[in-house]
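First to last, the sequence lines map onto chains Z and W.
Using my numbering, the letters of the first sequence correspond one by one to residues 19 to 240.
Using my numbering, the letters of the second sequence correspond one by one to residues 452 to 1126.
Every residue gets a Cβ at the ideal spot worked out from N, C-alpha and C, and that includes glycine.
All figures in this text were calculated on a predicted structure; none of them were measured in a lab.
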Amino acid sequence: MADAPNIPDEAEVRARWGAFAWTPENAEQAKVVIARYPAGRQRSAVMPLLDLAQRQVGAETNTQGWLPIPVIEYVAAQLDMPYIRAYEVATFYTMYNLAPVGRYHVQVCGTTPCMLRGSDDVMAACKNRGMVKGKTTPDGLFTLTEVECMGNCTNAPMVQINDDNYEDLDYDSMTRILDDLAAGNQPKTGTQNPKRHTSDPEGGPTTLTEMVSANHDYRKEW
Amino acid sequence: MPKVTVDGIELDVPQGATVLQACEMAGKEIPRFCYHERLSIAGNCRMCLVEVSPGPPKPQASCALPASDGQIIRTDSPMVKKAREGVMEFLLINHPLDCPICDQGGECDLQDQAVAYGRGGSRFHENKRAVTEKYMGPIVKTIMTRCIQCTRCVRFAEEVAGVEDIGALYRGENMQITSYLERAVASELSGNVVDLCPVGALTSKPYAFEARPWELTKTLGIDMSDAVGTNVRIDSRGRQVLRVLPRVNDDVNEEWASDKTRHHVDGLIRRRLDRPYVRKDGQLVEASWAEAFEAIRAANAGASVAAIAGDMADCETMFAAKALVTALGGHLFEGRQTGLAYDVTSLSAVNFNTTIAEAENADVVLLVGTNLRWEAPLINTRVRKAVYKKGAKVFGIGPEIDLTYKVEWLGNDASLVAKLPKAALDALKGAERPMLIFGGGALSVPGVHGAGLALARSVNAVRDDWNGFNVVHFSAARMGALMLGYSQPGGINDVIAAKPKLAFFLGADDVDFAAFDGTLKVYVGHHGDKGAHAADVILPAAAWTEKDFTTVNTEGRVQRSDKAVFAPGDAREDWSIFRALADALGVSVGFDSFDECRAAMIAAVPELGIEGLVDYGWPKDFNDLPKLPARPEARKIPSPIKDFYLTNAICRASPTMQRCSDELLHGVDFAEAAE
């Protein structure tokens, strides 16, 4: 598998993360998550707990975090489920990182709508900053991943960086965002098109215009 | 009873049946990969598509669709044909065309179904995906590029074996089946995934590149490596047994076999005794049959003769030996070679009375001194089924071990049988179908047997329609030996105390031979193991694959096995050895052929003549059971099995079993780099 994650050496990972345990706040949070599910069904909490664990690893390493094998086992043991079942979940979802990532995990959408709206330029902006797909930059700042549709097609092209979406991008706006992040500033999230607020049409609605002010029954006009 | 129509055939199907089962009942073959009768339904291969109306106007996966009243099912329409061709084409997109070098070739579901339902050519011109091999242990060889992700192996490991070590990682095209971190799958049933795999992704490591299925002679047999009596098919080529596969028998092994059953057979061509030996000046030297018989005759034992049966002795062998010893005037017979001496005046009190198939219906189980996983792996799967399908509760007395289901351990103390904690006692008393299982280790502690019978009485474990008192034996010969009278009241110590001048050891390797110091020890067996080392005369005999025989499993089921190959060298079938020896010693055993031997055995013990369960006659009244001491002393219960993979002479000669033992039980690291 050419693009399979480069899972780090098990012995090293165990030496570093073998003693993983929740921080007191996360231990509380884990209890809250588990309590959402009926007794005996606690393994339903595996996804939020893996996410929590990934964030804790991120906090400890000042990155976006990843899931070392001993951490997955720690979560599985807490939920009384076989390790392989938790590992299956961790490998299935792309939101769980199986290898270390940088402080900013740049996930560029390359699916058709974004591609048609210029995701190649967005990708070029990333590459011009020295980012390589699937790799972390030497300064540990950025990890670049190309992902499939993230459901923001009305604001294509888009990237997800950490927990925020940046939409309606082009080469310049993407470069600016990356510059801001590198400098330690928080860029504006959401759409980068000054004429839009969210996913509303640029320049006002062109269809269903009657609906802007009040609910309008179009049915008799069909 | 929904009424459905399959290709114009109207039929009633049972409530809860699937469309696939309905089609099968109508005699239609439905191709499938992921669906398996004994596993949960996954519905992910899509090969079983059929046309069903009423319903959406598209093909439906029949394995996951319940049959309902008034359904009209078509398995022969153009839509179905096209759907199958399409699914097959997709399945073959990433499947390598390496059938000529694939061990599954000739018995491959994908190969067969591609011929029957495929479209004959591929339109796919891109690169195929490749997947790295995964390490799954000493039994299972993987070529994961061939995998079609049916997940049968994952479901087997989870549902039947109870070892959740196999899973599907990643997703979509990148999905891969693997064991956790590519460690060996630590299950005594792992070999079954090889049979389940519909393609050549999981194949048998010891059997790799040995033979093609069409070269093999198939013989129906009964496995002798444990007392379950697994029904097997012995695949042989020429004079060599190449592999053993389970046969379907829902009463015994369903369609599974333990790894020991499957893979101990490569020991059959190693360390064999292929000529007689006689001890001269402390050294075993090769001899002719005549010289060996002369050495036995020269002992002039008179009536001071004994016969000790080993764990793999079959009924005909034991009967022939008994006939000879009796003809000589001897009366010492024992089959419990390690020194067990439980009471056998009622065979129903040492039998697996619930029967193996019924064990899965128990609702409260008490295990006493038994590692079921090692002593009878396929009874363990039944108990596991009771736990997971029927919600049974299991209590255990003995060392805490992982039996793949939750056991409430009461402690490792034999005296607990007589004074169960209240929770366990109440659960058993309140149970509809309580089941008590006593292992061979439990019976070795004086008083446990009696206390067990008393417990069965107090919790009402034996009712009109349910007998919950069970003894699980680990030796395939045991029930047959007891039926043939191979039991002394004091066990083997009676034989030792009688100081026989001549003793026959029928493949008995685990005897304390030092105790037979003044005895001429004649080892009649097939492997140069402990028994042969201690023997004064060795008569080479046939292993279980090399003779017809009758055997009785731990539930008292009489089964017959056929001869697959000939014994090597000068070795002979056991009955003929005793027949010839009778001539040399100037007595008559009363039979001249195997058939006569079997007929004489059946005349002596009629139950052995009828295949199936023997009724040992559990008495109507508990008072008719033997009165046994029922106060076990407070001590730990020993385990009769030290090493699951090395329990008999054939296993100990088998490189596969030795490696399983080293790797799975003793932690020696054999993991190979991926090819």
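Residue i touches chain Z at which residues, Cβ-Cβ below 9 Å?
i: Glu-1058(W); result: The contacting residues do not exist; Glu-1058(W) stays about 45 Å from chain Z at best.
Under 8 Å, do residue i and residue j count as touching if we go by C-beta distance?
i: Val-988(W); j: Ala-778(W); result: no
i: Tyr-974(W); j: Phe-956(W); result: yes
i: Leu-904(W); j: Phe-920(W); result: yes
i: Val-457(W); j: Ala-477(W); result: yes
i: Ala-512(W); j: Val-455(W); result: no
i: Val-699(W); j: Glu-706(W); result: yes
i: Trp-740(W); j: Asp-1021(W); result: yes
i: Ala-515(W); j: Gly-537(W); result: no
i: Leu-971(W); j: Leu-990(W); result: no
i: Gly-942(W); j: Gly-790(W); result: yes
i: Phe-1042(W); j: Ala-1055(W); result: no
i: Pro-482(W); j: Gln-562(W); result: no
i: Ala-678(W); j: Ser-926(W); result: yes
i: Ile-1061(W); j: Val-1009(W); result: yes
i: Leu-409(W); j: Ile-1101(W); result: Here chain W has residues from 452 to 1126 only, and residue 409(W) is not among them.
i: Pro-615(W); j: Phe-1095(W); result: Reading the sequence as shown, one finds Glu at residue 615(W) and not Pro. Result no, Cβ atoms of Glu-615(W) and Phe-1095(W) do not sit closer than 8 Å.
i: Met-176(Z); j: Glu-185(Z); result: yes
i: Phe-1128(W); j: Trp-1026(W); result: The first residue shown for chain W is 452 and the last is 1126, placing residue 1128(W) beyond what the model contains.
i: Leu-933(W); j: Val-729(W); result: no
Going along chain W, which residues have a C-beta under 8 Å from residue i?
i: Thr-109(Z); result: Leu-620, Tyr-621, Arg-622
i: Glu-28(Z); result: Leu-632
Run down chain W in chain order and give the residues with a C-beta less than 7 Å from the C-beta of residue i.
i: Arg-103(Z); result: Glu-615, Gly-618
i: Pro-100(Z); result: Glu-615
i: Asp-164(Z); result: The sequence shown places Glu at residue 164(Z), not Asp. Neighbours of Glu-164(Z) on chain W: none; closest Cβ ~15 Å, over 7 Å.
i: Glu-106(Z); result: Gly-618, Ala-619, Leu-620
Using a Cβ-Cβ cut-off of 8 Å, state whether residue i counts as contacting chain W.
i: Met-19(Z); result: Since pLDDT at Met-19(Z) reaches only 41, below the 50 mark, its modelled position is unreliable, and no value is offered.
i: Glu-185(Z); result: no
i: Glu-220(Z); result: no
What are the residues that DSSP puts in a beta bridge with residue i?
i: Trp-995(W); result: In DSSP, Trp-995(W) forms no bridge with anything.
i: Glu-1114(W); result: BP columns for Glu-1114(W) are empty, so no partner.
i: His-123(Z); result: Thr-161(Z)
i: Phe-429(W); result: Examination of residue 429(W) is not possible in this model, given that chain W is present from 452 through 1126 alone.
i: Glu-185(Z); result: Thr-209(Z)
i: Ala-954(W); result: Ala-757(W), Lys-972(W)
i: Gln-734(W); result: Lys-731(W)
i: Lys-509(W); result: Paired residues: none, contrary to the question.
Of all Cβ atoms in chain Z, is any one closer than 8 Å to the Cβ of residue i?
i: Ala-1124(W); result: With a pLDDT of 44 at Ala-1124(W), under the threshold of 50, the modelled position of that residue is not reliable, and the figure given next carries that caveat. Not one chain Z Cβ lies under 8 Å of Ala-1124(W).
i: Tyr-586(W); result: no
i: Val-636(W); result: no
i: Thr-469(W); result: no
Assess, as a yes-or-no matter, whether the segment 812-829 of chain W is touched by the segment 854-864 of chain W under the definition of 3 or more beta carbon pairs within less than 8 Å.
Output reads yes: the segment 812-829 of chain W touches the segment 854-864 of chain W.
Sufficient close CB pairs (3 or more, under 8 Å) joining the segment 674-691 of chain W to the segment 573-587 of chain W:
With the cut-off at 8 Å, the segment 674-691 of chain W and the segment 573-587 of chain W do not touch.
Given 8 Å as the limit, is there contact between the segment 639-652 of chain W and the segment 522-536 of chain W, that is, 3 or more CB pairs closer than that?
No contact exists between the segment 639-652 of chain W and the segment 522-536 of chain W.
Segment contact, 8 Å Cβ cut-off, at least three pairs: the segment 194-201 of chain Z with the segment 216-226 of chain Z:
These segments do not touch.
Tell me whether the segment 148-159 of chain Z and the segment 104-123 of chain Z touch, counting them as touching only if at least three CB pairs, one residue from each stretch, are closer than 8 Å.
A contact between stretches requires three or more CB pairs, one per stretch, nearer than 8 Å, and the segment 148-159 of chain Z meets this requirement with the segment 104-123 of chain Z.
With a cut-off of 8 Å, do at least 3 Cβ pairs link the segment 591-611 of chain W to the segment 1077-1094 of chain W?
With the cut-off at 8 Å, the segment 591-611 of chain W and the segment 1077-1094 of chain W do not touch.
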